[in-house]
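Taking it in order: structure first as structure tokens, then the write-up.
Residue numbers (my numbering), protein chains in the order written: chain P, 1137 to 1453; chain C, 7 to 521.
As structure tokens, then:
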């Protein structure tokens, strides 16, 4: 008599659909946590793409998105041929690149400084103090800047006058305004940006540092040969992500800080869209400019990713 | 009748009454109303609000009130609601560009059918053909254009105590104005031993209800352009040579005068970035000798001012004359609140309810309830003049957040709103008289026609170009010479300014505002 042992059908015999469902069920907790994020993307990132077609239409709310009359590239042409187009592009790119290029190194240096600190209590306090400004609104920061930079009663100008100089109108002088925008942004965001780099540093194996120390490497050498290469992935990632938003020069900040005397150096695409598109109720125009910005951002990411892969050996994808 | 029968009869009566009340409640029409905050400093009404209950009882309207933020934020909110095709049933609109856009898009309804349904209101408020012309499009009346209730309440205020202390006369010309402003800046009028006062306080402000800022430097400097005969955007009297004032040589002279004020350092060095609230803080602190302010601003700030300047004395001065004798504080529109009905509301048959509600708000109980609050609690009538009696300022202001539907600008109303300011040293100021004085003494120029001028497709660029260039000139960032001025006016061509002027002329002519 032969004993026949019947076993359950092997997993390989399951259909792909069953396997997928089984995998989903096994990690159901993770997928449940993922759900709100996916919903957010669907609602606020993908659904608006459907409505973005109003960039090519003369949007009439009564007729809806679908039935509004088609106007092709009219709104894009209106933007490209607008009186201030070249100035808007110049200001946007200058401010945006300056924030990226000047703003990134302080965040990296701060992260390294906190990581290298031997007094952990001091490091924690420094980290907290430096990322707190991120939570201040630009309206509050404007108040602080006014108290510091006002030509009438600002702390800085009081110092300048006490030293025998003339008060500088930092917020109304076109020569000084961009510097105020860039450095106030760096002050506000450096601590926050450093968190990512700090996370990358923490991920580096301590054994590398110990081995280097045993081999007699100085602190600077450890930073140069272990910390910086260990952060490179994240530096590339952050740079690429920010390049994707290169035409976002910081609407809230500039809207709060700028005034008529500095429009020539401060007016950026987003502030123009707010005045011409939103305040004049030209929603199709505003959408067309938004699409244009998205397209440029995508292009920048693709190009920068190729460059990063070629020269740094790694990219975002 | 036995006890049982009486009980049954009572029960039946109660049931019938409940049924009737229930039927009445079912008949109540839901009406969404959005108005710009009448009292932005006070909270919006909450559910169960007294006025809402009174409205429901008297008009059968179940009011859903939205308080729009003042200024551009309110316009943007309405614009967003329009984009979502979700406009309120009845709403106030201040941005004429949005108004005409909503007409073109078919989102607002003609309102002429409502007029016979609210005869008293129509007779008192909508009988002026010229004013109704401001809301006509293709022969249809698309809005209920209220008469102006409170424009021209602005003027230039002076520290009379400083004038007396420095032995100066009230300035009547631009030159005298500059001299007084200099003295206020340089001769320590507050006697604190520090050079911390300013001759003239003004800011770049375009957002003041009731007056038309026009292109340029905004409301606080219109009086300078008025002194050169070029206040506001358009020159209505030029006939066939119609053009924007910015092309007039006197416009440059006025700009040069503002440059003089800046050069003489009689203005706060922060003036170009300051907001109206900053200016108010400055004069209340006692830093300003002359400043642009409203009667309402005076009422709101005088207590604070008095606390900081116990012997301070503020007066309005007549607007100064220019070299050729011209004078004007600025331009204004002789038109007040504009009420609009959405097409959706009209299609849903809400027209009669809207008319009934507005008619109720026009006079009698409705008028007083909306304009002054709860009788006996918020106000009482003294000789026909509503007089505020409550000390609960916020409560009264909340109760009157719908007052733009009721206010009529009549003398009794203004006397009620603008009573007497009493200073702690026994002085008192009749604010109603002040208001009348600012209207009489400042040669305000009626430019109601500006409201029919269509916005240019690139209006934001035009606004920016003119304002920015003028600011650059007056701040000295760009020397104010022949070459630069020509370059500035030539630059208007790049903005198709001539097209804007042509369209403005056509609209003004069609409306009968220019010949």
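Idealized CB from N, CA, C, for every residue including glycine.
In terms of beta-carbon proximity, residue 1390 of chain P stays away from the interface with chain C, with every pair separated by 8 angstroms or more. Neighbours of residue 388 of chain C across chain P, judged by C-beta separation under 7 angstroms, do not exist; the nearest C-beta is about 44 angstroms away.
Pairing residue 148 of chain C with residue 1233 of chain P, the inter-Cα distance amounts to about 49 angstroms. For residue 351 of chain C, the nearest beta carbon of chain P is not closer than 8 angstroms to its own beta carbon.
If you draw a 10 Å sphere on the C-beta of residue 398 of chain C, you find fewer than 16 other C-beta atoms in it, and that means exposed. If you check the CB distance, residue 351 of chain C and residue 96 of chain C come in under 8 angstroms. For residue 473 of chain C, the C-beta contacts it makes with chain P under 9 angstroms involve 1396, 1399, in order along the chain.
Pairing residue 1235 of chain P with residue 1270 of chain P gives a Cβ-Cβ distance that is not under 8 angstroms. Neighbours of residue 279 of chain C across chain P, judged by C-beta separation under 7 angstroms: 1307, 1308, 1395. In this structure residue 1231 of chain P is in contact with residue 1314 of chain P, their Cβ atoms being roughly 6 angstroms apart against a cut-off of 8 angstroms.
The bridge partners DSSP lists for residue 348 of chain C are C:114. Across the segment 1408-1435 of chain P, CB contacts with chain C closer than 7 angstroms involve 1411, 1412, 1414, 1415, 1416, 1417, 1419, in sequence order along the chain.
Not a single C-beta of chain C is nearer than 8 angstroms to the C-beta of residue 1350 of chain P. Distances from the alpha-carbon of residue 101 of chain C to those of C:173, C:212, C:48 put C:212 closest. Neighbours of residue 459 of chain C in chain P, taken as residues at a C-beta separation under 7 angstroms, are lacking, since the least C-beta distance is about 14 angstroms. Proximity of residue 1219 of chain P to chain C, defined by a Cβ-Cβ separation below 8 angstroms, is satisfied. In this structure, DSSP gives residue 1416 of chain P a state outside helix and strand, which the three-state scheme calls coil.
Neighbours of residue 1287 of chain P across chain C, judged by C-beta separation under 7 angstroms: 275, 276. According to DSSP, residue 426 of chain C shares a beta bridge with C:436. Identification of chain P residues near residue 466 of chain C by a Cβ-Cβ cut-off of 8 angstroms yields 1408, 1411, 1412, 1415, 1416, ordered along the chain. Linking residue 387 of chain C to residue 1287 of chain P through their CA atoms gives a straight-line distance of about 51 angstroms.
Residue 246 of chain C and residue 50 of chain C have their C-alpha atoms some 49 angstroms from each other.
DSSP, reduced to helix, strand and coil, places residue 337 of chain C within a strand of the structure shown. Boundaries of the alpha helix (DSSP H) around residue 167 of chain C: 166-171.
For residue 232 of chain C, the three-state secondary structure derived from DSSP is helix. Within 8 angstroms of the CB of residue 1197 of chain P, the CB atoms of chain C belong to 88, 89, 90, 91, 111, 113, in sequence order along the chain. Nearest neighbour of residue 116 of chain C by Cα position, chosen from C:125, C:151, C:134, C:84, turns out to be C:151. Listed along chain P, the residues sitting closer than 8 angstroms to residue 81 of chain C by beta-carbon distance are 1415. Proximity of residue 1440 of chain P to chain C, defined by a Cβ-Cβ separation below 8 angstroms, is not satisfied.
For chain P, the residues of the segment 483-511 of chain C that bring a beta carbon within less than 8 angstroms of one of its beta carbons are 483, 500, 501, in chain order. The beta-carbon distance between residue 418 of chain C and residue 372 of chain C, rounded to whole angstroms, is 16 angstroms. This is too long to meet the 8 angstroms contact definition. Look at the segment 1302-1331 of chain P: the residues with a C-beta under 9 angstroms from a C-beta of chain C are 1303, 1305, 1307, 1308, 1309, 1310.
Taking C-alpha positions only, residue 1220 of chain P is separated from residue 196 of chain C by approximately 46 angstroms. By the neighbour-count criterion, in which a residue is buried when 16 or more other Cβ atoms sit within 10 angstroms of its Cβ, residue 338 of chain C is buried. Within the segment 1322-1350 of chain P, the complete alpha helix (DSSP H) segments of 4 residues or longer fall at 1342-1350, listed in chain order. Here residue 168 of chain C has 190, 195, 295 as same chain residues with Cβ atoms under 7 angstroms from its own Cβ, once five neighbours each way along the sequence are excluded.
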